[in-house]
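Take the sequence shown: its position 238, counting from 1, is numbered 248 in our numbering, and each next residue is one higher. Glycine is no exception: its CB is placed at the ideal position from the N, C-alpha and C atoms. Note that the structure is predicted; figures quoted are calculated from it, not measured. What follows is a short report on a single structure.
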Amino acid sequence: AWQKFSAEPFNTKEQFEQEAVRHIETTLARSLYNCDEGAAYGGTALAFRDRMVIDWNRTQQNQTFADQKRVYYLSLEFLMGRALDNAMLNVQQKDSAKAGLADLGFRMEDIINQERDAALGNGGLGRLAACFLDSLASLNYPAWGYGLRYRYGIFKQEIIDGYQVEIPDYWLDFNPWEFPRHDVTVDIQFFGNVRKYVDDSGKQVSVWENGEIVQAVAYDVPIPGYATPTTNNLRLWSSKAASGEFDFQKFNSGEYESSVADQQRAETISAVLYPNDNLERGKELRLKQQYFWCAASLFDIVRRFKKSKKAWKEFPNAVAIQLNDTHPTLAIPELQRILIDQEGLEWDEAWSIVQKTFGYTNHTVLPEALEKWSVPLFQHLLPRHLQIIYDINLHFLQYVERNFPKDREMLGRVSIIEESQPKMVRMAYLALIGSHKVNGVAELHSDLIKTTIFKDFVKIYGPDKFTNVTNGITPRRWLHQANPRLSELIASKLGGYDFLKDLTLLHKLENYVDDKAFRKEFQEIKFANKVRLAKHIKDTNGVSVNPAALFDIQVKRIHEYKRQQLNIFGVIHRYLTIKSMSPEERKKLAPRVSIFGGKAAPGYWMAKTIIHLVNAVGAVVNNDKDVGDLLKCVFVEDYNVSKAEIIVPASDISEHISTAGTEASGTSNMKFVLNGGLIIGTCDGANIEITREIGEENIFLFGNLSEDVEDLRHAHFYSKFEFDPQLQRVFDAIKEGRFGDAGQFSALVNGIVEHGDYYLVSDDFKSYIDTHTLIDEAYKDQESWVSKCITSVARMGFFSSDRCIDEYAEMIWNVEPLSPTKKA
Ligand code: 26Q
């Protein structure tokens with residue numbers, strides 16, 4: 011039995027109404043006579059926000075006085091999605107709000123849909139950070155997230171004539187979930203020079219001076235936990251000109267434009283999220299964003315530590331900082347700079363504090379995604395940090411030289427500085443060297459980083475520096491919120507909602523696999539979710555899809571390594587097969603709906619071509635009378651967190667078909683299975699562990715294994731390889747112009763036919779379509795299909811992000827939960 015700190019929940023709908031109406035009339039200054047859905051959303055959000063802030067303040071006070079180690083999760087992305095439903099779940103009292111809104115003439119669902127997604131992320135990495143915040147709060151860990159308050163989140167995607175068009179996502183005009191802290195600011199320096207001198211005690215001192223100053227302003231977002239009063243903080247930094255609004259001196263002397271330009275340049279830093287996913291394409295502004303956010307966060311963390319009046323050697327016992335990929339790596343030289351330049355510590359003492367403080371999570375082995383920055387850019391923007399990085403490298407290389415005197419080649423390989431033209435700073439090496447633990451995000455991935463990109467470092471530091479924490483997802487959002495009926499059905503069998511706090515309790519569902527009534531309701535829920543998605547597709551694409559057909563879904567960022575091209579070639583193959591059949595043969599086929607969704611990075615031309623092909627195929631297939639309901643192909647526009655909440659519960663099969671060894675983990679695979687869908691996948695990322703948990707008989711695996719990828723790629727160049735005739739037939743259809751001008755798709759086809767097929771589409775095609783045939787057969791046997799689905803749900807307990815957070819806490823952070831009932 012737990013209780014929120016806040017004394018007064020809305021016990022009745024009247025209480026809710028009173029609060030919501032008060033906010034609409036006073037906070038929002040709206041007359042009730044023109045209260046539209048937007049205003050009703052505002053009033054509802056503010057009413058729930060009031061309930062949250064009491065707990066939030068208490069939690070922060072409690073954490074301050076507890077004098078316990080805290081976790082700081084540094085991520086350039088937090089893909090939060092909507093907050094209202096989550097707030098209602100955590101504050102409880104959704105029922106009184108629903109009844110109160112009905113009195114006012116509104117439907118809860120419409121009100122929830124008023125909210126814009128907080129889309130401060132690209133994909134998996136950003137959503138992982140959001141799930142982690144949810145788990146940290148729900149498990150009562152004293153933890154803060156630190157990020158950037160982008161004015162524009164990930165762009166909104168529109169499909170026009172089959173092409174992706176990007177629309178800016180200006181999301182902040184009404185955001186009741188953030189609290190500006192105009193009193194919490196940090197001055198951040200860029201550019202300038204370093205002056206060295208020897209002080210009175212004979213010590214070398216470095217001063218970074220003459221730089222340009224930009225101000226960081228804190229915006230705080232409350233992160234409520236489930237079934238606990240713990241409410242943690244997400245602090246997002248916004249940039250503004252340091253000298254107030256703008257330079258009045260310049261303004262008064264007539265230089266209006268340049269005074270405004272200074273202000274705009276400062277504000278540009280936090281203006282927009284870089285829309286690249288798994289591709290390093292940053293320019294100076296990206297590096298500025300990274301330093302701005304790292305420096306502000308470090309200043310804030312150090313300021314808090316200094317209030318405790320502890321000795322510096324206690325810092326790693328008070329602070330654990332987790333780096334979400336290499337994006338926050340500058341925090342490492344920044345902490346070293348603070349300790350030696352500002353606090354006067356000796357190098358070795360400072361460096362030992364730094365290493366004990368940081369942990370680094372790697373999310374990719376793709377070479378094009380590994381962050382590197384040019385030395386000249388560094389020199390220009392962050393001259394003192396470059397010196398410190400060189401010193402870190404010197405100490406490190408000396409250590410390597412002492413321990414591996416015979417391996418001279420190794421020095422060049424492991425150096426933080428790549429000796430290229432221009433020289434480059436390798437951020438992953440810096441992150442690794444500056445941390446006490448490095449982790450991958452699924453078992454295969456954690457093994458791969460040890461044998462590929464970090465091989466030498468395993469020799470240098472030993473294997474214990476490397477560990478695995480397999481990703482997870484929060485069951486609060488991805489089961490209870492996205493699929494309330496399934497959650498309710500589970501609760502009815504398990505005797506309550508404890509499984510939302512301990513997902514391993516789902517195993518008890520295996521007792522109901524053969525329970526007729528349970529199975530029937532499970533199926534009905536899936537069908538209802540498919541009807542809901544079908545309606546969304548009808549409303550947005552104008553295509554009618556049959557909810558009784560097999561829904562086959564691939565939604566994720568568009569990337570060649572994720573192989574949406576394999577999927578759409580498979581759809582074309584199915585189409586051509588249907589066309590070649592007699593009406594009698596067609597009658598035996600299982601109807602299918604192939605559903606795609608996802609954004610392409612705006613500069614990623616091949617990914618955009620894949621989107622175009624999906625839409626071109628849809629335009630032909632969906633209007634072909636021979637095909638009818640047997641096959642539909644749709645691209646759902648603007649895939650994001652709130653769309654995922656509709657799409658994920660509606661799958662029969664979802665596709666996780668990356669070239670083996672390329673997808674670090676994947677997390678949507680977990681979401682789909684938890685919602686009672688089966689998956690087709692390669693032996694990659696977390697698919698492997700999902701298979702181990704749910705059983706081989708409950709998953710459709712296909713394709714080559716990661717250990718064979720290198721040889722296969724080699725063979726494409728050195729032995730003549732022949733295509734599977736079925737893939738050839740697909741290419742011929744494209745070339746004949748059956749999906750519009752073939753020229754538009756030639757790069758996609760030629761990448762496979764002529765340029766080495768790097769992602770092994772041709773090698774896996776046969777196995778892929780054969781596996782789809784197995785799926786067709788399996789789906790016809792609904793009884794056995796439902797058994798697989800239920801069994802899989804029951805075995806998904808491992809993939810809760812609560813389990814991940816406990817693992818990080820124990821293996822990497824060495825932190826304990828803080829009981830929220832302990833009075834300050
Ligand atoms: C880097 C430099 C400059 C600009 C952008 C970037 C950048 C931005 C985002 C690089 C990478 C990302 C995102 C990576 C990502 O989402 N990785 C995914 O992380 C998930 C969580 O661990 C995994 O499940 C996925 O397998 C992995 O692809």
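Original post:
Within the present structure, is the beta-carbon of valine 763 separated from the nearest heavy atom of the ligand 26Q by less than 8 Å?
Top reply: no
**OP:** Examine the Cβ distances between the stretch 504-520 and the stretch 803-822 and report whether three or more of them are shorter than 8 Å.
**Re:** yes
**OP:** Can you check the stretch 630-675 for any alpha helix (DSSP H) of at least 4 residues that lies completely inside it and give the ranges in chain order?
**Re:** For the alpha helix (DSSP H) assignment, the uninterrupted runs of no fewer than 4 residues enclosed by the stretch 630-675 are, from N- to C-terminal side, 651-657.
Original post:
Could you give the distance in angstroms between the alpha-carbon of methionine 98 and the alpha-carbon of valine 194?
Top reply: Each residue's Cα considered, the two are about 29 Å apart.
Subject >> C-alpha gap between threonine 672 and lysine 609, whole angstroms >> reply: 19 Å
Original post:
Where does the unbroken alpha helix (DSSP H) through valine 33 begin, and where does it stop?
Top reply: One detail in the question is off: residue 33 reads as histidine in this sequence, not valine. From DSSP, histidine 33 is part of no alpha helix (DSSP H); its letter is neither H nor E.
Original post:
So which of Glu294, Pro601 and Ser249 has the shortest CA-CA distance to arginine 835?
Top reply: Here the chain covers residues 11 to 834 and nothing more, so residue 835 does not appear.
Original post:
Are glutamine 299 and threonine 339 closer than 9 Å when you measure CB to CB?
Top reply: Not in contact: glutamine 299 and threonine 339 (Cβ atoms no closer than 9 Å).
Original post:
Using a Cβ-Cβ cut-off of 6 Å (strictly less than) and excluding sequence neighbours within five positions of tyrosine 266, which residues of its own chain qualify?
Top reply: Cβ neighbours of tyrosine 266 within its own chain (closer than 6 Å, five residues either side excluded): none.
Original post:
Leaving out the 5 sequence neighbours to the left and right, which residues in its chain are closer than 6 Å to phenylalanine 20 when beta-carbon positions are compared?
Top reply: Phe26, Gln103 and Ser106
**OP:** Could you tell me whether the stretch 726-742 touches the stretch 775-784, using the rule of 3 or more Cβ pairs below 8 Å?
**Re:** yes
Original post:
Looking only at DSSP bridge pairs, what is aspartate 562 linked to?
Top reply: Ser604 and Ile663
Original post:
What does the shell around the ligand 26Q hold, if a residue joins when its beta-carbon is under 6 Å from any heavy atom?
Top reply: Asn132, Gly133, Gly134, Leu135, Leu138, Tyr284, Asn286, Asp287, Asn288, Glu290, Arg291, Gly292, Arg296, His373, Thr374, Ala379, Glu381, Val451, Asn481, Glu673, Ala674, Ser675, Gly676, Thr677 and Gly695
**OP:** Using the Cα positions of isoleucine 279 and phenylalanine 302, report the straight-line distance between them to the nearest angstrom.
**Re:** 8 Å
Original post:
Looking at the structure shown, is proline 835 part of a helix, part of a strand, or coil, going by DSSP?
Top reply: This structure leaves residue 835 out entirely; the chain is present only between 11 and 834.
**OP:** Assign phenylalanine 201 to one of three DSSP states: helix, strand, or coil.
**Re:** coil
**OP:** Indicate whether valine 227 and tryptophan 187 have their beta-carbon atoms separated by less than 9 Å.
**Re:** no
Subject >> C-alpha gap between tyrosine 585 and glutamate 595, whole angstroms >> reply: Taking the straight line joining both Cα atoms gives about 14 Å.
Subject >> Cβ separation of arginine 567 and isoleucine 535, assumed to be a contact under 8 Å, to the nearest whole Å >> reply: 28 Å between Cβ atoms; not a contact.
Original post:
From lysine 460 to phenylalanine 476, what does the alpha carbon distance come to, in whole angstroms?
Top reply: 8 Å
Original post:
Closest by CA to glycine 155, which one among Gln564, Trp247 and Ala379?
Top reply: Trp247
Subject >> Any 3 or more C-beta pairs closer than 8 Å across the stretch 198-215 and the stretch 24-41 >> reply: no
**OP:** Tell whether a beta-carbon distance below 9 Å holds between glutamate 520 and alanine 109.
**Re:** no
**OP:** Helix, strand or coil for lysine 469, going by three-state DSSP, please let me know.
**Re:** helix
Original post:
For isoleucine 483, which residues does DSSP report across the bridge?
Top reply: Ser810
**OP:** Mark alanine 670 as exposed unless 16 or more other C-beta atoms lie within 10 angstroms of its C-beta, in which case mark it buried.
**Re:** buried
Original post:
Taking C-beta to C-beta, are leucine 308 and leucine 345 nearer than 9 Å?
Top reply: yes
**OP:** Put asparagine 824 into one of helix, strand or coil per three-state DSSP.
**Re:** coil
**OP:** Please report how far the alpha carbon of alanine 654 lies from the alpha carbon of lysine 545, in whole angstroms.
**Re:** 15 Å
Original post:
Excluding five sequence neighbours on each side, which residues of the same chain lie with their C-beta closer than 8 Å to the C-beta of valine 637?
Top reply: Tyr585, Ile588, Lys589 and Val631
Subject >> Proximity of asparagine 692 and asparagine 714 at Cβ, strictly below 9 Å >> reply: Correcting the residue type first, residue 692 is threonine in the shown sequence and not asparagine. Contact flag set, yes.
Subject >> Contacts around glutamine 174, its chain only, beta-carbon distance under 6 Å, and the 5 residues preceding and following it disregarded >> reply: Apart from the 5 residues on each side of it in sequence, glutamine 174 sits with its Cβ closer than 6 Å to the Cβ of Gln167, Ala610, Lys618 and Ile621 in its chain, given in chain order.
Subject >> Exposure of tyrosine 43, with buried meaning 16 or more beta-carbon neighbours within 10 Å >> reply: exposed
Original post:
Which residues mark the beginning and the end of the beta strand (DSSP E) in which glycine 691 is found?
Top reply: 688-691
Original post:
What residues in its chain sit with their C-beta under 8 Å from that of asparagine 650, if we drop five residues either side in the sequence?
Top reply: Gly91, Asp127, Ala129 and Ile164
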